[in-house]
Each structure stands twice: as C-alpha cells, then as structure tokens.
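Engineer: The following block contains the structure, expressed as structure tokens.
In this note's numbering, the protein residues as written are 102 to 397.
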C-alpha cells in the first residue's frame, strides 16, 4: 500500500501548482471570456471560403472579438452542432429552414440578426415583361414545399395570382384564388423549371439553376427582395441558442456584419443578387414564431 502521508503531500503540491498556473494564465483557455483570443466565438457556416468571411473576421478582431469560422458542407449539420454546444452561432439558413429544424427536433434555436435575402425570380423566353404574360398563361414553379410557397408569393407580388385569405406563410397551390388570378400555376421538380421555359409563359427558377441554364438574375421579369412581405420567411439569419439571444458579444458581431465592407463582399459573392436585410432580432423572432405555428 502506498504511503498515505506521501500521497497527501503530492495532492497538496498539485493543488498549489494548479493555483500558480491559474494565476499566471495557465488556465486561460478554460476561463477566458467568450470572444477572446483564447476562447473565440465559434461560428458554423456553409461556404467559409466566401469572400465576406475574411473581411468579417479581420473587422471583428479590430473590435477585440476573435472568431473561429467553421465550415460545413452538409446543411443538416450546423443546427445540431449549435444545439449541442459545439458552436456558439451559425449563419447559413433562412427562417423557414430554422423553423422546420426546430419543429422536427424540438429545439428553440433563435435568430438574433438578419443577413440577406437571395431573390427568387420569374423568367421567360417568350415575354419581356410581366405585363406581356397573357390572361390564362401558364407559370411553372418548384414543387418542393420551401420554394413552392415562396414562388406563390413572388407571383402574387408580381400581380399574376391572388392567394386566398388565410393562406398563411407557407401557402400551397390550393390556396390560389383562381377566379381572381391572371395565370394558372404548374408545380414541377425544381430542376425542371428551366426546362419548362420552352413550353410555358414563364417559370420561377431557383438561383441554384440559373448559371447552368445560362440565365442571369438581372434578366428576371420580377423578383422578391428583403422588403417583400412574402420573402419574410426567407430572410437569412444569424442563429444562437435561446439562452444566448441577448449576448452582447454576439449582438456586436451581427452589427459588424452590416459594415459596408462586409455587405459589399456578400453582394459580390452572390453575383450582385443579394438583397441585404437588417430587421431587428425581435422582428425575426416574431416571424419564426409565426412560421413555426404554421408548420404545426
């Protein structure tokens, strides 16, 4: 059996050493304030190579806030990583995506700042303006829930359809008031909206398919924006855990993201299509509550 006196002396020496290290900064990684060089704010993104991130990181450091931009290639990963505490913030999704995650996983992740809306546009190979689209014309829209609802709002804002009262924030084609609408709508797979341009009057085309189709966002007959009522669920947001929603360091990072040097880089990364959004956190949280309610 080991000598108990010797063991007690060793434990006492270890305790003294731990206190000495802490006094000299040896425990800095554990105790450093969030946002310090030893304890950076961990931010999950999809596309860390996008030009806004080095600009944002340098700007934050000039303000005394260190950040660690962590890249994810799978959209399904940043929210669980945030909920589990592996991240402090994430910034990759719009409000509807966040609402769907919270509902499916019984979480309460919270938007604390807006970034941008990436406009969804209406394109045509037959007409050069919305006004040219004839009464009874046919419009192709994506048939997935997220883009379909947004496409309907785009068409309503363009004056081509009218949605029934009570359609909510995630409408479906059944919510179209046909008698009050100028066109009929045909849902197709999102990647077929471009193919359909040969046979319909116009298509609402997701931005992901523009380049391969040889389309330019500037060619859209109509597109929504950060100010569009129907685009509210599609505002891209900064997200934290609910208990961190008022963290002043995180609030400062949201503010820094709206510095012109950063927002110009965001626009450049989107080919000039990004519509910068700056709604307050309280409004974003109200939109999230409304959208989640519609999903129940």
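The C-beta atom is built at its ideal place from N, Cα and C for all residues, glycine as well.
If you follow the beta strand (DSSP E) that residue 158 is in, where does it begin and where does it stop?
Structural biologist: As a position in the chain shown, residue 158 is number 57, starting the count at 1. From DSSP, residue 158 is part of no beta strand (DSSP E) but of the alpha helix (DSSP H) over 153 to 163.
Engineer: Which residue marks the beginning of the beta strand (DSSP E) containing residue 180, and which one marks its end?
Structural biologist: As a working mapping, residue 180 is identified with position 79 in the chain shown. Residue 180 -> not in any beta strand (DSSP E); alpha helix (DSSP H) instead, spanning 179 to 184.
Engineer: Under 9 Å, do residue 339 and residue 172 count as touching if we go by C-beta distance?
Structural biologist: The count along the chain shown starts at 1 and reaches residue 339 at position 238. The count along the chain shown starts at 1 and reaches residue 172 at position 71. For residue 339 and residue 172, no; Cβs fall outside 9 Å.
Engineer: Using 10 angstroms around the beta-carbon of residue 267, count the other beta-carbons present and answer buried if the total reaches 16, otherwise exposed.
Structural biologist: Position 166 of the chain shown, counted from the start, is the residue given in the question as residue 267. Label assigned to residue 267: exposed.
Engineer: Beta-carbon within less than 7 Å of residue 292's beta-carbon, same chain only, minus the 5 sequence neighbours each way: which residues are those?
Structural biologist: Along the chain shown, one-based indexing puts residue 292 at 191. The residues are 310.
Engineer: Taking only the alpha-carbon atoms, compute the straight-line gap between residue 214 and residue 346 and give it to the nearest angstrom.
Structural biologist: Start at 1 with the first residue of the chain shown, and residue 214 comes out as number 113. Start at 1 with the first residue of the chain shown, and residue 346 comes out as number 245. The alpha-carbon atoms of residue 214 and residue 346 are separated by roughly 10 Å.
Engineer: Can you confirm whether the stretch 172 to 183 touches the stretch 290 to 305 when touching is taken to mean that 3 or more C-beta pairs between the two stretches lie within less than 8 Å?
Structural biologist: With the cut-off at 8 Å, the stretch 290 to 305 and the stretch 172 to 183 do not touch.
Engineer: Under the rule that 16 or more other beta-carbon atoms within 10 Å means buried, what is residue 165, buried or exposed?
Structural biologist: The residue given as residue 165 occupies position 64 in the chain shown. So residue 165 ends up on the exposed side.
Engineer: Count the other C-beta atoms from every protein chain shown that fall within 10 angstroms of the C-beta of residue 325, then say buried if there are 16 or more, exposed otherwise.
Structural biologist: The count along the chain shown starts at 1 and reaches residue 325 at position 224. That one is buried.
Engineer: Using DSSP with H/G/I as helix, E/B as strand and the rest coil, what is residue 274?
Structural biologist: For the purposes of this step, residue 274 is identified with residue 173 of the chain shown, where counting begins at 1. Three-state DSSP puts residue 274 in a helix.
Engineer: For residue 246, count neighbouring Cβ atoms within 10 angstroms of its own Cβ and tell me buried if that reaches 16, exposed if not.
Structural biologist: In the chain shown, counting from the first residue as 1, residue 246 sits at position 145. It is exposed - the Cβ of residue 246 has fewer than 16 other Cβ atoms within 10 Å.
Engineer: Where residue 146 and residue 369 are concerned, what is the direct C-alpha to C-alpha distance, given to the nearest angstrom?
Structural biologist: As a first step, residue 146 is located in the chain shown; it is residue number 45 there, counting from the start. As a first step, residue 369 is located in the chain shown; it is residue number 268 there, counting from the start. Cα to Cα, residue 146 sits roughly 17 Å from residue 369.
Engineer: Would the beta-carbon of residue 342 fall within 9 Å of that of residue 186?
Structural biologist: To locate residue 342, count along the chain shown from 1; it is residue 241. To locate residue 186, count along the chain shown from 1; it is residue 85. In this structure, residue 186 lies closer than 9 Å to residue 342 by Cβ.
Engineer: Between the alpha carbons of residue 140 and residue 134, how many angstroms are there, rounded?
Structural biologist: The residue given as residue 140 occupies position 39 in the chain shown. The residue given as residue 134 occupies position 33 in the chain shown. Cα-Cα distance, rounded: 6 Å.
Engineer: Answer with buried or exposed for residue 257, where buried requires no fewer than 16 other C-beta atoms within 10 angstroms of its C-beta.
Structural biologist: Position 156 of the chain shown, counted from the start, is the residue given in the question as residue 257. Residue 257 should be labelled buried.
Engineer: Is the stretch 223 to 235 touching the stretch 307 to 322, taking contact as three or more C-beta pairs under 8 Å?
Structural biologist: A contact exists between the stretch 223 to 235 and the stretch 307 to 322.
Engineer: Report all residues from its chain with a CB closer than 7 Å to the CB of residue 272; omit the five preceding and five following residues, and keep chain order.
Structural biologist: The residue you call residue 272 lines up with position 171 of the chain shown. Within the same chain, residue 272 has close Cβ partners 250, 253 and 264.
Engineer: CA-CA distance, residue 349 and residue 168?
Structural biologist: Numbered from 1 along the chain shown, position 248 holds the residue referred to as residue 349. Numbered from 1 along the chain shown, position 67 holds the residue referred to as residue 168. Cα to Cα, residue 349 sits roughly 14 Å from residue 168.
Engineer: Does DSSP classify residue 167 as helix, strand or coil?
Structural biologist: Position 66 of the chain shown, counting from 1, holds the residue named residue 167. DSSP places residue 167 in coil when its eight states are reduced to three.
Engineer: For residue 394, name the three-state secondary structure that DSSP assigns.
Structural biologist: One-based indexing of the chain shown puts residue 394 at position 293. If DSSP states are grouped into helix, strand and coil, residue 394 belongs with the helices.
Engineer: From residue 197 to residue 390, what distance separates their C-alpha atoms?
Structural biologist: Along the chain shown, read from residue 1 onward, the residue named residue 197 stands at position 96. Along the chain shown, read from residue 1 onward, the residue named residue 390 stands at position 289. Straight-line Cα distance between these residues: approximately 10 Å.
Engineer: Measure the CB-CB distance between residue 290 and residue 337 and report whether it falls below 9 Å.
Structural biologist: Here residue 290 is taken as the residue at index 189 of the chain shown, counted from 1. Here residue 337 is taken as the residue at index 236 of the chain shown, counted from 1. Going by C-beta atoms, residue 290 is not nearer than 9 Å to residue 337.
Engineer: Going by the beta-carbon positions, is the gap between residue 188 and residue 143 smaller than 9 Å?
Structural biologist: As a first step, residue 188 is located in the chain shown; it is residue number 87 there, counting from the start. As a first step, residue 143 is located in the chain shown; it is residue number 42 there, counting from the start. Closer than 9 Å, so yes.
Engineer: Which partner residues of residue 200 appear in the DSSP bridge assignment?
Structural biologist: Taking the first residue of the chain shown as 1, we reach residue 200 at position 99. Residue 200 pairs with nothing; no bridge assigned.
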